[in-house]
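K.L.:
The structure follows.
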Amino acid sequence: MLELRLVQGSLLKKVLESIKELVNDANFDCSSTGFSLQAMDSSHVALVALLLRSEGFEHYRCDRNISMGMNLNNMAKMLKCAGNDDIVTIKADDGSDTVTFMFESPTQDKISDFEMKLMDIDSEHLGIPEAEYHAIVKMPSAEFARICKDLSSIGDTVMLISDGVVGYVEVVISVTKEGVKFSTKGDIGTANIVCRQNTSVDKPEEATVIEMNEPVSLTFALRYMNSFTKATPLSSSVTVSLSNELPVVVEYKIAEMGYVRFYLAPKIEEEEEETKPQA
Amino acid sequence: MLELRLVQGSLLKKVLESIKELVNDANFDCSSTGFSLQAMDSSHVALVALLLRSEGFEHYRCDRNISMGMNLNNMAKMLKCAGNDDIVTIKADDGSDTVTFMFESPTQDKISDFEMKLMDIDSEHLGIPEAEYHAIVKMPSAEFARICKDLSSIGDTVMLISDGVVGYVEVVISVTKEGVKFSTKGDIGTANIVCRQNTSVDKPEEATVIEMNEPVSLTFALRYMNSFTKATPLSSSVTVSLSNELPVVVEYKIAEMGYVRFYLAPKIEEEEEETKPQA
Amino acid sequence: MLELRLVQGSLLKKVLESIKELVNDANFDCSSTGFSLQAMDSSHVALVALLLRSEGFEHYRCDRNISMGMNLNNMAKMLKCAGNDDIVTIKADDGSDTVTFMFESPTQDKISDFEMKLMDIDSEHLGIPEAEYHAIVKMPSAEFARICKDLSSIGDTVMLISDGVVGYVEVVISVTKEGVKFSTKGDIGTANIVCRQNTSVDKPEEATVIEMNEPVSLTFALRYMNSFTKATPLSSSVTVSLSNELPVVVEYKIAEMGYVRFYLAPKIEEEEEETKPQA
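In the order they appear, the protein sequences are chains F, A and D.
Per this note's numbering, the first sequence starts with residue 1, numbered consecutively.
Per this note's numbering, the second sequence starts with residue 1, numbered consecutively.
Per this note's numbering, the third sequence starts with residue 1, numbered consecutively.
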């Protein structure tokens, strides 16, 4: 039997909103340590990893490890029916092919339960080794989202290159001692946005902190970065960890419970020459 | 001659917004007692009844009973041009085929008049007898609207059942001593929302009050309930009166003036077995 | 070399939003006196004139007169990437075929530069003589925008008249001693909105001031008036200058820097009789 009671139910709503654009169907893995998910996006380019540790729940009962396949869009629709102050409980009986989401209003005057069919989903769990990164940038998550959105406006995120070849607008993220630079080239021009390290701020989450062991400059498909920023409501700051030829990690911490992490492989140079029109 | 002056003009805007989705064209009946309307929705399933009593108007002159046929969508467009603090006057000369809406700003610096052609509309006035209901639920109107909206998200409001048979997602409203339960079954799962009686609230309009003579459980097309909730801005509470084999009445009171009432027949069981896929 | 630094960068965003609906491509003319634009709308009916005087810039360097052809939609996309408190600098090297917009956040922690290709655009500069107007109406810009929008709702702005002849809904603007009247006739009825002179207001920008030498009544295509009101965020008041057989001037002042002016020829009577269905 599974029964996970989360006082801050709105948090689960935000988690779903942050990943449902990238992933349609996924297994939620439940064990005594926590409630987690690992899934590739539908085009198998980006990886999402979610962890909500058991300690963060008001009540956490998971008799045996189970994996529950869910359609994230449907799950998000149900969670949207929870009030922002509602307590959310996830329940599943052993061997059941359904999961129930129960929402309790703070005053206990309104109790809702939503039952959803589970799915069988093939998935393999990738081991993600701890790695050393050349540069780690921590910055306000709203600022990161704004930059990704602004760069997207410079070119359509999908563009026809030639002979039916479709390309995606790219963002180059470069870290030097001076700061972190985001650059793109689009239909209507080019753009460079530089953020400098800034720790003299009123609130720690407004700081931009750059830890750099080595300068790094990597190219990514901008539309994935934009998808990742759907997690902005989860945390006021975001951490971007960069290393040559390792996937970038874009992490949003979930206060006292865990994280949502997005992994995306950089474009390597040979590829770029093939697909970029004006390299 | 007709001249009805309403200081709280925004109220008339809200009335039109509440009924124009259900009813396209309707006769407004004007007599010495008040300004009223009774109309079936375009699919002849639901009935709308509006009453604005003459005492609620600052000035009310209606020399003889008249019935004015109006396109509610066009009337709503004109009323949208009134400012929220404007005084609205409805004017019609005897025998005229037009009606004029006059809007005066509170400072009298801006005076607008909008003239609209009247229409000939056949309609029969149904006598609605006073009835005894098995259960009457009074609850915050925003809560009722939220519940109807949330249940709608569980299934499309219209769905193909089989062989070209189209069904509408249904809501079952059940009243017991414990509270009122709203249930639905949709494409993505099932949902039950229970609201308990609650009278220990700060403001009387936040109360949920259940008067029950007999338990009752009735099934309705959810999309009509959703339409009725367009009247939510008119009143902070809604009253739902239920009785077996009588139409439900969903009433929004208009402070010191009257009401908008919606009537909808419950689905009877034989019908349900025919049209419901998994009964 | 050109380098124009504007502390209140949001102003340039608002200027672009106000004119990009009417004009697709236009030359910005830069001289020692200021940054200006004059362009016909794409259907060659309305004229836009913009002036930002050099004194309004924090730093203004323009070594020689140049004319820079820009796509206003693309320019607006880039300016949208500026924060509302950002300082905006427009830069162009002599002989360059690009222009650069630089945005600096108030704390200097974020610096963006956006580079856009210039275009060759044929244009002739019309001399607009100073003229005497029969009537000049100064009124709150939001009120003027509301009136244009409300009148538009009374009829589609474009309507089929007969035999494939398309007409535009018109607004008649009449100024008398009593006030200014805006009238229209549409599919669903007629509307008249009268605003009276009103100078006893708390803030001068809330006043409606009518200077009239002679009564005047002129007819215009409503959809252009609606386009002009995109400039509403630039100024809290608007000035409408009317004269028989002269184009109307709709002017939005830009505080301490200049203006955006829209010119539109009135419809003359012979035309009206031909194109209006119920004259």
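Think of the CB as a built atom: it goes at the ideal place given N, C-alpha and C, for glycine as much as any other residue.
Quantities reported herein were computed from a predicted structural model and do not represent experimental measurements.
1) With a threshold of 8 Å between beta carbons, is arginine 261 (chain D) in contact with chain A?
2) Put isoleucine 154 (chain D) into one of helix, strand or coil per three-state DSSP.
3) DSSP three-state label for threonine 275 (chain D), please.
4) Might you give, ordered along the chain, the residues of its own chain that have their beta carbon closer than 8 Å to the beta carbon of methionine 119 (chain F), omitting 5 neighbours on each side?
5) Tell me the DSSP secondary structure of glycine 9 (chain D) in three-state form.
6) Go ahead and label glycine 155 (chain D) buried or exposed: buried means 16 or more other beta carbons lie within 10 angstroms of its beta carbon, across all protein chains shown.
7) Decide if glutamate 132 (chain D) is buried, meaning its Cβ has at least 16 other Cβ atoms within 10 Å, or exposed.
8) Return the Cβ separation of lysine 230 (chain F) and glycine 189 (chain A) in integer angstroms, given the expectation that the two are a contact with Cβ distance under 8 Å.
9) In angstroms, rounded to a whole number, what distance separates the CA positions of threonine 266 (chain D) and leucine 50 (chain A)?
10) With DSSP as the reference, label lysine 20 (chain A) as helix, strand or coil.
11) How about valine 249 (chain A) and serine 241 (chain A): are their beta carbons less than 8 Å apart?
12) Would you check if there are 3 or more beta carbon pairs closer than 8 Å linking the stretch 208–228 of chain A to the stretch 167–177 of chain A?
13) Within 8 Å (strictly less), CB to CB, does aspartate 202 (chain A) reach chain F?
14) On the three-state DSSP scale, how would you describe arginine 146 (chain F)?
15) Thinking just about the alpha-carbon of each residue, which of D:Val88, D:Glu170, D:Arg196 and D:Tyr263 is nearest to the one in threonine 184 (chain D)?
16) If we cut at 8 Å on Cβ distances, does serine 112 (chain D) have a partner in chain F?
17) Could you tell me which chain A residues have their CB closer than 9 Å to the CB of asparagine 226 (chain D), listed as they occur along the chain?
18) Would you check if the distance between the CB atom of glutamate 55 (chain A) and the CB atom of arginine 5 (chain A) is smaller than 8 Å?
19) State the Cα-Cα distance for the pair valine 88 (chain F) and lysine 80 (chain F), rounded to the nearest angstrom.
20) Could you name the residues of the stretch 52–80 of chain A whose beta carbon sits closer than 8 Å to any beta carbon of chain D, in the order they occur along the chain?
21) Which residues, in order along the stretch 189–217 of chain D, keep a beta-carbon less than 8 Å from a beta-carbon of chain A?
22) Starting from the C-beta of methionine 102 (chain F), find all residues in its chain whose C-beta is less than 6 Å away, skip the five residues before and the five after it, and write them out in chain order.
23) Return no unless some Cβ of chain F is closer than 8 Å to the Cβ of methionine 116 (chain D).
24) On the criterion of 16 or more Cβ atoms from any shown chain inside 10 Å, does alanine 255 (chain D) qualify as buried, or is it exposed?
25) Counting contacts by CB-CB distance shorter than 8 Å, is serine 153 (chain A) in contact with chain F?
26) Can you look up glutamate 206 (chain A) in the DSSP assignment and give me helix, strand or coil?
27) Just checking: is the beta-carbon of aspartate 120 (chain D) within a distance shorter than 8 Å of some beta-carbon in chain F?
28) Since leucine 12 (chain D) and lysine 91 (chain D) are thought to touch, with beta carbons under 8 Å apart, how far apart are those beta carbons, to the nearest angstrom?
29) Between A:Pro106, A:Glu115, A:Glu104 and A:Asp109, which has its C-alpha nearest threonine 98 (chain A)'s C-alpha?
30) Quick one: which chain D residues come within Cβ less than 7 Å of aspartate 109 (chain A)?
31) Does the distance from the C-beta atom of valine 201 (chain F) to that of valine 137 (chain F) stay below 8 Å?
32) Contact criterion: CB-CB distance below 8 Å. Does aspartate 150 (chain A) meet it with respect to chain F?
33) What is the residue span of the alpha helix (DSSP H) that serine 227 (chain A) lies within?
34) Figure out for me which residue from D:Asp86, D:Asn73 and D:Gly95 has the closest Cα to the Cα of threonine 107 (chain D).
35) Using beta-carbon positions only, say whether asparagine 226 (chain D) and serine 152 (chain D) come within less than 8 Å of one another.
36) Considering only the alpha carbon of each residue, which of D:Val48, D:Lys253 and D:Lys14 lies closest to alanine 76 (chain D)?
P.N.:
Reading from the atomic positions:
1) Numbered from 1 along the third sequence, position 261 holds the residue referred to as residue 261 (chain D). Arginine 261 (chain D) does not count as touching chain A.
2) Residue mapping note: residue 154 (chain D) aligns to position 154 of the third sequence, counting from 1. Collapsing the DSSP output to three states places isoleucine 154 (chain D) in coil.
3) By 1-based counting over the third sequence, the position of residue 275 (chain D) is 275. Summary for threonine 275 (chain D): the model assigns pLDDT 44, below 50, so the residue's position carries little reliability, and this model does not support an answer.
4) Start at 1 with the first residue of the first sequence, and residue 119 (chain F) comes out as number 119. Hits under 8 Å: Asp25, Gly69, Met70 and Asn71.
5) By one-based count along the third sequence, residue 9 (chain D) stands at place 9. Glycine 9 (chain D): coil per DSSP, three-state reduction.
6) Taking the first residue of the third sequence as 1, we reach residue 155 (chain D) at position 155. It is buried - the Cβ of glycine 155 (chain D) has at least 16 other Cβ atoms within 10 Å.
7) Here residue 132 (chain D) refers to the residue found at position 132 when the third sequence is read from its first residue. Burial call: exposed.
8) Position 230 of the first sequence, counted from the first residue, corresponds to residue 230 (chain F). Position 189 of the second sequence, counted from the first residue, corresponds to residue 189 (chain A). So it is not a contact: roughly 24 Å between Cβ atoms.
9) Numbered from 1 along the third sequence, position 266 holds the residue referred to as residue 266 (chain D). Numbered from 1 along the second sequence, position 50 holds the residue referred to as residue 50 (chain A). Threonine is not the amino acid found at residue 266 (chain D); the sequence shown has proline there. So the alpha carbons of these two residues sit roughly 45 Å apart.
10) Position 20 of the second sequence holds residue 20 (chain A). If DSSP states are grouped into helix, strand and coil, lysine 20 (chain A) belongs with coil.
11) In the second sequence, the residue the question calls residue 249 (chain A) occupies position 249. In the second sequence, the residue the question calls residue 241 (chain A) occupies position 241. Taking C-beta atoms as the reference points, valine 249 (chain A) and serine 241 (chain A) count as a pair closer than 8 Å.
12) The way I'd put it, the stretch 208–228 of chain A does touch the stretch 167–177 of chain A; three or more beta-carbon pairs between them come closer than 8 Å.
13) Mapped onto the second sequence, residue 202 (chain A) falls at position 202. It does not; no Cβ of chain F falls within 8 Å.
14) Counting from one through the first sequence, the residue named residue 146 (chain F) turns up at place 146. Looking at arginine 146 (chain F) - three-state DSSP - the assignment turns out to be helix.
15) Within the third sequence, the letter at position 184 stands for residue 184 (chain D). When C-alpha distances from threonine 184 (chain D) are compared across D:Val88, D:Glu170, D:Arg196 and D:Tyr263, the shortest belongs to D:Glu170.
16) As a position in the third sequence, residue 112 (chain D) is number 112, starting the count at 1. Closer than 8 Å: yes.
17) Taking the third sequence and counting its residues from 1, one reaches residue 226 (chain D) at position 226. What asparagine 226 (chain D) touches in chain A: nothing, since even the nearest Cβ is about 14 Å away.
18) Counting from one through the second sequence, the residue named residue 55 (chain A) turns up at place 55. Counting from one through the second sequence, the residue named residue 5 (chain A) turns up at place 5. No.
19) Here residue 88 (chain F) refers to the residue found at position 88 of the first sequence. Here residue 80 (chain F) refers to the residue found at position 80 of the first sequence. Straight-line Cα distance between these residues: approximately 11 Å.
20) Asn71, Asn74, Lys77, Met78 and Lys80
21) Contact residues of the stretch 189–217 of chain D toward chain A are Gly189, Thr190, Ala191, Asn192, Ile193, Val194, Cys195, Arg196, Asn198 and Thr208 (C-beta to C-beta distance below 8 Å).
22) Translated into positions along the first sequence, residue 102 (chain F) becomes position 102. Thr89 and Asp113, listed in sequence order.
23) Reading the third sequence from its first residue, position 116 is the one you call residue 116 (chain D). Yes, its Cβ sits closer than 8 Å to a Cβ of chain F.
24) Within the third sequence, residue 255 (chain D) is the residue found at index 255, counting from 1. The residue in question, alanine 255 (chain D), is exposed, as its Cβ has fewer than 16 Cβ neighbours within 10 Å.
25) As a position in the second sequence, residue 153 (chain A) is number 153, starting the count at 1. Yes, contact with chain F.
26) By one-based count along the second sequence, residue 206 (chain A) stands at place 206. Annotated three-state conformation of glutamate 206 (chain A) is helix, per DSSP.
27) What you label residue 120 (chain D) is simply residue 120 of the third sequence in a count that begins at 1. Chain F contact via Cβ: absent.
28) Indexing the third sequence from 1 puts residue 12 (chain D) at position 12. Indexing the third sequence from 1 puts residue 91 (chain D) at position 91. Taking C-beta atoms under 8 Å as the contact rule, leucine 12 (chain D) and lysine 91 (chain D) fail to qualify, at a distance of about 13 Å.
29) Numbered from its first residue, the second sequence carries residue 98 (chain A) at position 98. Selected option, being the one with the closest Cα: A:Glu115.
30) By one-based count along the second sequence, residue 109 (chain A) stands at place 109. Near aspartate 109 (chain A) (Cβ distances below 7 Å), the residues of chain D are Cys195, Arg196, Asn198 and Thr208.
31) As a position in the first sequence, residue 201 (chain F) is number 201, starting the count at 1. As a position in the first sequence, residue 137 (chain F) is number 137, starting the count at 1. No. Outside cutoff.
32) As a first step, residue 150 (chain A) must be located in the second sequence, where it is residue number 150. Put simply, the CB of aspartate 150 (chain A) is near chain F, with a gap under 8 Å to one of its CB atoms.
33) As a position in the second sequence, residue 227 (chain A) is number 227, starting the count at 1. Counting along the chain, the alpha helix (DSSP H) containing serine 227 (chain A) begins and ends at 222–228.
34) Numbered from 1 along the third sequence, position 107 holds the residue referred to as residue 107 (chain D). Nearest option by C-alpha distance: D:Asp86.
35) Translated into the one-based positions of the third sequence, residue 226 (chain D) becomes position 226. Translated into the one-based positions of the third sequence, residue 152 (chain D) becomes position 152. Contact flag set, yes.
36) Here residue 76 (chain D) corresponds to residue number 76 of the third sequence, with the count starting at 1. Nearest of D:Val48, D:Lys253 and D:Lys14 to alanine 76 (chain D), Cα basis: D:Lys14.
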